[in-house]
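>
There are 2 protein chains.
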Amino acid sequence: MIDPGVHLMIGALIFPNMDQCDFTGPFEALARVPNSTFVTIARDKSPVRDLKGLRFLPDVSMEDAPKLDVLLVPGGYGQEALMHDEDTLAFIRAQARHARYVFSVCTGALLCGAAGLLEGKQATTHWTAMEVLRYYGATPTHERVVVDGSMVSAGGVTAGIDGSLVVVSLLRGSTVAEEIQLYMAYEPKTPFTAGSPDTAPAHVLNAVTEQARAITEERIKTARQYRALRDRAAGTN
Amino acid sequence: MIDPGVHLMIGALIFPNMDQCDFTGPFEALARVPNSTFVTIARDKSPVRDLKGLRFLPDVSMEDAPKLDVLLVPGGYGQEALMHDEDTLAFIRAQARHARYVFSVCTGALLCGAAGLLEGKQATTHWTAMEVLRYYGATPTHERVVVDGSMVSAGGVTAGIDGSLVVVSLLRGSTVAEEIQLYMAYEPKTPFTAGSPDTAPAHVLNAVTEQARAITEERIKTARQYRALRDRAAGTN
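Taken in order, these protein sequences are the chains called A and B.
Counting with UniProt numbering, you get residues 1 to 237 for the letters of the first sequence.
Counting with UniProt numbering, you get residues 1 to 237 for the letters of the second sequence.
Set out below in structure tokens:
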């Protein structure tokens with residue numbers, strides 16, 4: 001917990017074809033942290049379209065972004081297009097150097113991995129990408145939220161809401177997190193029981209795994225390239 | 001469940017000072033309904049700023065909006081400014097006449113109430129506004145999601161996610177809803193136990209009730225005006 005008198009700068013990197021809920025779920029809690037400012041950050045100030053067409057106006061460009069206490073990195077299919085984008089990776093790396101927390105949601109963890117933040121860390125991501133984490137030097141951890149030092153990662157999409165309440169408690173204590181949870185009426189009652197590979201019926205699991213097959217294969221290919229480069233640089237090849 | 005061959009038009013009314021999560025939570029599920037289009041609808045095509053500063057670009061104005069199969073009505077403090085806005089209420093009423101479902105989240109229910117959609121219905125809303133529903137002729141129902149004919153209402157903020165999965169199942173069946181739930185990794189594990197007045201510690205409940213006092217009083221005042229007008233029109237005064 002941080003001195004309540006210290007103002008906190010919280011920011012989210014948003015990008016085309018992100019999964020908007022990875023970002024908007026945590027926004028709901030993080031934008032309510034007392035004595036803080038929340039900024040949305042994109043390549044430039046043009047509208048950002050999520051993978052289902054929802055359009056956001058960012059507050060600042062990466063170049064003009066302030067130093068952040070917390071950097072939120074969402075995921076979604078669009079993450080893959082940024083895995084070799086040196087501007088984005090350099091931005092994440094630079095913010096991570098002084099941020100109190102980097103908070104990835106869903107496959108935002110892979111972006112953090114490509115920026116080199118997951119080496120030697122425990123982390124989680126969307127269940128379809130869990131094993132991809134190993135290429136980034138992380139130990140995949142089957143928890144909804146994983147805190148390892150300054151790296152906080154949440155699982156797929158809606159896990160970002162759980163993760164954001166954990167981040168709020170790290171920043172401002174559990175009473176503030178509870179007040180936000182109560183405001184958000186966050187006492188979920190899922191109408192179906194299919195939220196994880198362990199609980200979904202087999203035909204549902206098969207269908208969603210199949211829908212994600214192409215992007216998962218791309219993610220593995222990208223991750224192997226990262227590992228090969230990294231190992232070569234370390235002289236272990 | 002509707003013939004899968006029938007294309008569905010799904011739309012959300014978005015407005016200044018709405019609570020973005022009332023809208024973005026359901027968007028995540030509803031934008032994935034097979035054979036459907038999702039449109040965001042605002043007074044005009046200018047950016048819409050949520051109550052914590054997140055800015056959205058709407059797709060169409062109310063005037064140009066297509067006929068909807070599902071109308072999503074989010075809430076948040078900004079709902080109160082629209083309770084006497086005849087353009088907005090007329091839009092909701094007109095869409096409700098032919099929509100298969102009107103789906104309110106949080107205090108979006110009060111907007112539906114002001115449009116006259118809750119008379120004789122069971123409904124739910126944010127816990128701070130639950131008793132306000134009575135003035136709109138509704139029976140407050142302490143469930144996370146309430147389906148009463150074509151009116152679907154969800155409780156506060158995050159209840160919209162549960163509600164949207166119910167709406168998906170009404171539209172396209174439970175297997176589709178389960179597939180979306182699995183994609184969204186919606187198996188919540190709340191890090192604290194404070195999501196409802198029944199479970200929150202007393203000091204947390206008191207703090208959040210106090211934070212909402214002014215807006216709750218406004219909402220009651222507005223609701224009494226509605227009831228008085230309605231009763232006068234019906235000749236019961």
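Here a beta-carbon is modelled for each residue, glycine too, at the ideal position from N, C-alpha and C.
Could you say which of A:110, A:162, A:229 lies nearest to residue 138 of chain A if we only look at CA atoms?
It is A:110.
> Output the distance between the C-alpha atoms of residue 185 of chain A and residue 142 of chain B, rounded to the nearest integer angstrom.
Approximately 12 Å between the Cα atoms of the pair.
> For residue 33 of chain B, report the span of its alpha helix (DSSP H) as first-last.
Careful: residue 33 of chain B lies outside any alpha helix (DSSP H) and carries neither H nor E.
> For residue 169 of chain B, name the three-state secondary structure that DSSP assigns.
Reduced to three states, the DSSP call for residue 169 of chain B is helix.
> Hey, would you say residue 208 of chain A sits closer than 8 Å to residue 179 of chain B, going by beta carbons?
Result yes, Cβ atoms of residue 208 of chain A and residue 179 of chain B sit closer than 8 Å.
> What's the C-alpha gap between residue 202 of chain B and residue 194 of chain B?
The alpha-carbon atoms of residue 202 of chain B and residue 194 of chain B are separated by roughly 10 Å.
> When you compare the CB of residue 144 of chain B with every CB in chain A, is at least one pair closer than 8 Å?
By this cut-off, residue 144 of chain B is an interface position.
> Does the distance from the CB of residue 154 of chain A to the CB of residue 163 of chain A come in under 8 Å?
Against a cut-off of 8 Å, the Cβ pair of residue 163 of chain A and residue 154 of chain A comes out as a contact.
> Closer than 8 Å between beta carbons: that is the criterion. Which residues of the segment 157 to 171 of chain B meet it against chain A?
If the cut-off is 8 Å between Cβ atoms, the segment 157 to 171 of chain B has 157, 158, 159, 161, 162, 165, 166, 169 near chain A.
> In its own chain, which residues sit with a C-beta less than 6 Å from the C-beta of residue 66 of chain A, not counting the 5 before and 5 after it?
Only 9 meet the Cβ criterion.
> If you draw a straight line from the alpha carbon of residue 161 of chain A to that of residue 25 of chain B, how long is it in whole angstroms?
Their backbone Cα atoms lie some 10 Å apart in a straight line.
> Could you pull out every residue in the same chain whose Cβ sits closer than 6 Å to the Cβ of residue 1 of chain A, ignoring the five residues on either side in sequence?
So the qualifying residues of the chain are 173.
> List, in chain order, every chain A residue whose beta-carbon is nearer than 8 Å to that of residue 21 of chain B.
Within 8 Å Cβ-Cβ: 24, 25, 27, 28, 184.
> I'd like to know whether the C-beta of residue 55 of chain B is nearer than 8 Å to at least one C-beta of chain E.
In the structure shown, chain E does not exist; the protein chains are A and B.
> Chain A beta carbons: is any one of them nearer than 8 Å to that of residue 179 of chain B?
Yes - at least one Cβ of chain A is within 8 Å of the one on residue 179 of chain B.
> Measuring CB to CB, does residue 227 of chain A end up less than 8 Å from residue 101 of chain A?
No. Outside cutoff.
> What does residue 32 of chain B touch in chain A if you count any residue whose Cβ is under 9 Å from its own?
The answer, in chain order, is 52.
> With DSSP as the reference, label residue 91 of chain A as helix, strand or coil.
If DSSP states are grouped into helix, strand and coil, residue 91 of chain A belongs with the helices.
> Using only the alpha-carbon positions, how far apart do residue 61 of chain A and residue 210 of chain B sit?
Each residue's Cα considered, the two are about 37 Å apart.
> Alpha carbon to alpha carbon, how far is residue 213 of chain B from residue 182 of chain A? Give it in angstroms, no decimals.
Those two C-alpha atoms are separated by around 15 Å.
> Check each residue of the segment 56 to 89 of chain B: if its Cβ is closer than 9 Å to any Cβ of chain A, include it; give the result in chain order.
Under the 9 Å Cβ criterion, the segment 56 to 89 of chain B contributes 56, 57, 58, 59.
> Out of curiosity, what's the CA-to-CA distance linking residue 32 of chain A and residue 52 of chain B?
Rounded to whole angstroms, residue 32 of chain A to residue 52 of chain B spans 8 Å at the Cα level.
> Start and end of the beta strand (DSSP E) containing residue 55 of chain B?
Counting along the chain, the beta strand (DSSP E) containing residue 55 of chain B begins and ends at 55 to 57.
> Tell me, to the nearest whole angstrom, how far the beta carbon of residue 58 of chain B is from that of residue 14 of chain B; I am working on the premise that it is less than 8 Å.
Their Cβ separation, rounded to whole angstroms, is 6 Å, which keeps residue 58 of chain B and residue 14 of chain B in contact under 8 Å.
> For residue 200 of chain B and chain A, any beta-carbon pair shorter than 8 Å?
Yes, its Cβ sits closer than 8 Å to a Cβ of chain A.
> Pull up the distance between the alpha-carbon of residue 188 of chain A and that of residue 235 of chain B, whole angstroms please.
So the alpha carbons of these two residues sit roughly 43 Å apart.
> If you reduce the DSSP assignment to three classes, tell me which class residue 40 of chain A lands in.
Three-state result, residue 40 of chain A: strand.
> Residue 36 of chain B and residue 127 of chain B: beta carbons closer than 8 Å?
No, the Cβ-Cβ distance between residue 36 of chain B and residue 127 of chain B is not below 8 Å.
> If we cut at 8 Å on Cβ distances, does residue 218 of chain A have a partner in chain B?
It does not; no Cβ of chain B falls within 8 Å.
> Residue range of the beta strand (DSSP E) that residue 8 of chain A falls in?
Residue 8 of chain A -> beta strand (DSSP E) spans 8 to 13.
> Using 8 Å as the threshold, is the C-beta distance between residue 103 of chain A and residue 56 of chain B below it?
In this structure, residue 56 of chain B does not lie closer than 8 Å to residue 103 of chain A by Cβ.
> Verify whether the separation of the beta carbon atoms of residue 81 of chain B and residue 17 of chain B is less than 8 Å.
Their beta carbons are under 8 Å apart, which means residue 81 of chain B touches residue 17 of chain B by this criterion.
> Is the CB-CB distance between residue 50 of chain B and residue 19 of chain B below 8 Å?
Their beta carbons are under 8 Å apart, which means residue 50 of chain B touches residue 19 of chain B by this criterion.
> Find the residues of chain B that neighbour residue 38 of chain A, judging by a C-beta separation of less than 9 Å, and give them in chain order.
Simply 52, 53, 54.
> Please report whether the beta-carbon of residue 104 of chain A lies at a distance below 8 Å from any beta-carbon of chain B.
Judged by the 8 Å Cβ criterion, residue 104 of chain A is not in contact with chain B.
> Under 8 Å Cβ-Cβ, which residues of chain A neighbour residue 126 of chain B?
By Cβ distance, chain A contributes 185.
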